[in-house]
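Q: Numbering (this note's numbering), first residue to last: 2 to 186. Glycine included, each C-beta is placed from N, C-alpha and C at the ideal position.
(1) Residue 153 and residue 71 - do their beta-carbons sit closer together than 8 Å?
(2) Leaving out five residues before and five after residue 123 in sequence, what residues of the same chain have Cβ atoms less than 7 Å from its Cβ?
(3) How long is the line joining the alpha carbons of residue 69 and residue 34, rounded to whole angstroms?
(4) Identify the residues that DSSP records as bridge partners of residue 141: which are they?
(5) Quick check: the Cα distance between residue 161 and residue 171, rounded to an integer number of angstroms?
(6) Who are the Cβ neighbours of residue 54 in its own chain at under 8 Å, not counting the five residues just before and after it?
(7) Examine the Cβ distances between the segment 104 to 112 and the segment 12 to 26 and report whether three or more of them are shorter than 8 Å.
(8) Please state the DSSP three-state secondary structure of residue 27.
(9) Tell me which same chain residues have a C-beta within less than 6 Å of the C-beta of residue 116, skipping the five on either side of it?
(10) Could you check where the alpha helix (DSSP H) with residue 67 kicks off and where it finishes?
(11) So, at 8 Å on beta carbons, what are the nonlocal neighbours of residue 144 in its own chain, with the 5 sequence-adjacent residues on each side left out?
(12) Under a Cβ-count criterion, where at least 16 other Cβ atoms within 10 Å of its own Cβ denotes burial, should residue 73 be classed as buried or exposed?
(13) List the whole-angstrom C-beta distance separating residue 164 from residue 103, where the pair is believed to meet the contact cut-off of C-beta under 8 Å.
(14) For the segment 85 to 136, which segments carrying the beta strand (DSSP E) assignment without a break, of at least 3 residues, lie completely within its bounds, in sequence order?
(15) Taking the alpha-carbon positions, what's the residue 114 to residue 51 distance?
(16) Work out the CA separation of residue 58 and residue 141 for me, nearest whole Å.
(17) Enumerate in chain order the residues of its own chain whose CB-to-CB distance from residue 41 is below 7 Å, with the five nearest sequence positions on each side excluded.
(18) Using the rule of at least 16 other Cβ atoms within 10 Å of the residue's Cβ for burial, across every protein chain shown, is residue 83 buried or exposed?
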């Protein structure tokens, strides 16, 4: 193997490592966001019971849960937390199953990439126009609007790593050298 190919493989492995760690970090950040949303909701219940409600609690908890949904999607992909319908796949051979997972991963990349691509202009419009929420609190909408393009961009990038690993696994399965092990990338 030539030195350039070895260097390329090392660079790809380093990029995959960085993307994996970024997905892990965003997953933990989203977990903190869910915890914060729970604390805010409990605070809201207490303040409403005491008849001193505030105007920011519901909206902020919604934004935090949006963050967990969109920004945490790459973490879910990394750990296999996305929905799997295994009624059919359980009857497939390991080779066919991995090929099917590869095809669905490519479809997931296309969908995540398209949504990210078309949602960035929506966020930029909110930045330029200075959109604010119509609630009494009225926060700028650039913060919740960035969650969709940012999260789906992270997801699309992580799909690239996921697909590269699936390609290596399928290649190994068809060569007969792999028995379902996770290839190193």
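A: Well, looking at it:
(1) yes
(2) 146
(3) 7 Å
(4) 133
(5) 15 Å
(6) 45, 48
(7) no
(8) helix
(9) 153
(10) 58 to 71
(11) 64
(12) buried
(13) 7 Å
(14) none
(15) 46 Å
(16) 15 Å
(17) 58, 61, 62
(18) exposed
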